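**Q** Residue numbers (my numbering): 42 to 180.
We put the CB at the ideal spot given by N, CA and C, even for glycine.
The structure displayed is predicted, hence computed values, not measured ones.
Below is a structure I'd like to ask you about.
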Ligand code: ZN
């Protein structure tokens with residue numbers, strides 16, 4: 042069994058900055074020796090998330106609106122009493138989507154659906170620098 046560890050940084054500009062990281066992850070998988078296994082991505086941060094979507098402008102807009110409907114900004118969050126950082130909704134959004142994503146590696150390539158792209162979603166209320174940890178396990 043082989044284990045590979047690669048890290049990269051994604052700079053985000055604002056709240057709901059949604060970055061397509063698919064090509065970056067594909068290249069990392071191709072450059073490593075694992076032919077059959079899994080790749081796990083993890084974003085180190087409690088106000089960012091990783092998931093997949095069909096990366097087109099309509100859906101990018103729709104996912105932002107869905108998050109606004111499900112987890113509104115303009116309601117009271119206890120978190121604001123503690124830190125006064127105004128990002129209670131950001132934490133809840135990130136927790137619901139999750140900080141990690143796993144996909145199969147087959148014949149040395151990342152396996153995804155035809156229109157399935159991996160996205161990093163920054164939920165925080167300001168620009169951030171996000172570290173993505175990539176762990177590949179297999180042989
Ligand atoms: Zn906070």
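Residue 159 and residue 137: beta carbons closer than 8 Å?
**A** Not in contact: residue 159 and residue 137 (Cβ atoms no closer than 8 Å).
**Q** In three-state DSSP terms, what is residue 75?
**A** Correct three-state label for residue 75: coil.
**Q** Starting from the Cα of residue 75, find the closest Cα among 134, 115, 44 and give me that residue.
**A** Comparing Cα positions, the closest option is 44.
**Q** Distance check for residue 148 and residue 84, CA to CA, integer angstroms please.
**A** For residue 84 and residue 148, the distance between alpha carbons rounds to 26 Å.
**Q** Using the Cβ count rule (16 or more neighbours within 10 Å means buried), how would you classify residue 60?
**A** Buried, by the Cβ-count rule.
**Q** Can you tell me the Cα-Cα spacing of residue 171 and residue 63, whole angstroms?
**A** Spanning the two alpha carbons is a distance of roughly 15 Å.
**Q** Taking the alpha-carbon positions, what's the residue 73 to residue 128 distance?
**A** So the two alpha carbons sit approximately 38 Å from each other.
**Q** Less than 7 Å separating the Cβ of residue 125 from some heavy atom of the ligand ZN?
**A** Outside the cutoff, so no.
**Q** Apart from the five residues just before and just after residue 78, which ones in its own chain have a Cβ nearer than 7 Å to its Cβ?
**A** These residues qualify, in order along the chain: 146, 177, 178, 179, 180.
**Q** Using DSSP's beta-bridge definition, name the partner residues of residue 170.
**A** Its beta-bridge partners are 52.
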